[in-house]
Amino acid sequence: LKTIGLKFDNKIVRNILLGIGCSIIFFISTYITANIFGNYIFDLDVIFGTPKIITQNVVFLGWFLFIIMLIPGIWEEVAFRGVITKLNLRRYSQRTTWIVVSVLFGLFHFVNLLFITH
2 LKTIGLKFDN KIVRNILLGI GCSIIFFIST YITANIFGNY IFDLDVIFGT PKIITQNVVF
62 LGWFLFIIML IPGIWEEVAF RGVITKLNLR RYSQRTTWIV VSVLFGLFHF VNLLFITH
């Protein structure tokens, strides 16, 4: 794990509080934006409930949806921040590495726009 930069940090409390603070800011801004531009329904059962089939065309994925949303984020962090960044830092300067990794990260997410159908 040390080769890809994953290690225990002594500043764990500060990092946890920073994460909680950023999450609170994100959720408040999402709540305000959703109420301004559309309907906002806060129902934790949609994400954390038991998966069930309501009708032939309506399916609630429940906790399965939460897992589906969580896995890509973890993979992206490990892949881009851990592996790709660390491997490029061995060969290129820090500035070049961040530019290359940022462009790759952007292209990785640009693919999502190619498959949007309206």
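Numbering (my numbering), first residue to last: 2 to 119.
C-beta atoms are modelled at their ideal positions from N, C-alpha and C, and glycine is treated no differently.
Same chain only: Cβ atoms within 6 Å of residue i, ignoring 5 sequence neighbours per side
{"i": "Ile48", "result": "Leu66, Phe67"}
{"i": "Met70", "result": "none"}
Neighbourhood of residue i by C-beta, 7 Å cutoff - its chain only, sequence neighbours within 5 removed
{"i": "Val60", "result": "Ile54"}
{"i": "Arg96", "result": "none"}
Helix, strand or coil at residue i according to DSSP, with G and I counted as helix
{"i": "Phe61", "result": "strand"}
{"i": "Lys87", "result": "helix"}
{"i": "Ile55", "result": "coil"}
{"i": "Phe106", "result": "helix"}
{"i": "Phe49", "result": "helix"}
{"i": "Phe116", "result": "coil"}
{"i": "Phe43", "result": "coil"}
C-beta contact flag for residue i and residue j at 8 Å
{"i": "Pro52", "j": "Leu45", "result": "no"}
{"i": "Leu105", "j": "Ile75", "result": "no"}
{"i": "Val79", "j": "Asn89", "result": "no"}
Residue span of the alpha helix (DSSP H) that contains residue i, given as start and end
{"i": "Ala35", "result": "13-38"}
{"i": "Arg92", "result": "Per DSSP, Arg92 belongs to no alpha helix (DSSP H) and is neither H nor E."}
Residue i burial status per 10 Å Cβ neighbour count (16 or more: buried)
{"i": "Thr34", "result": "exposed"}
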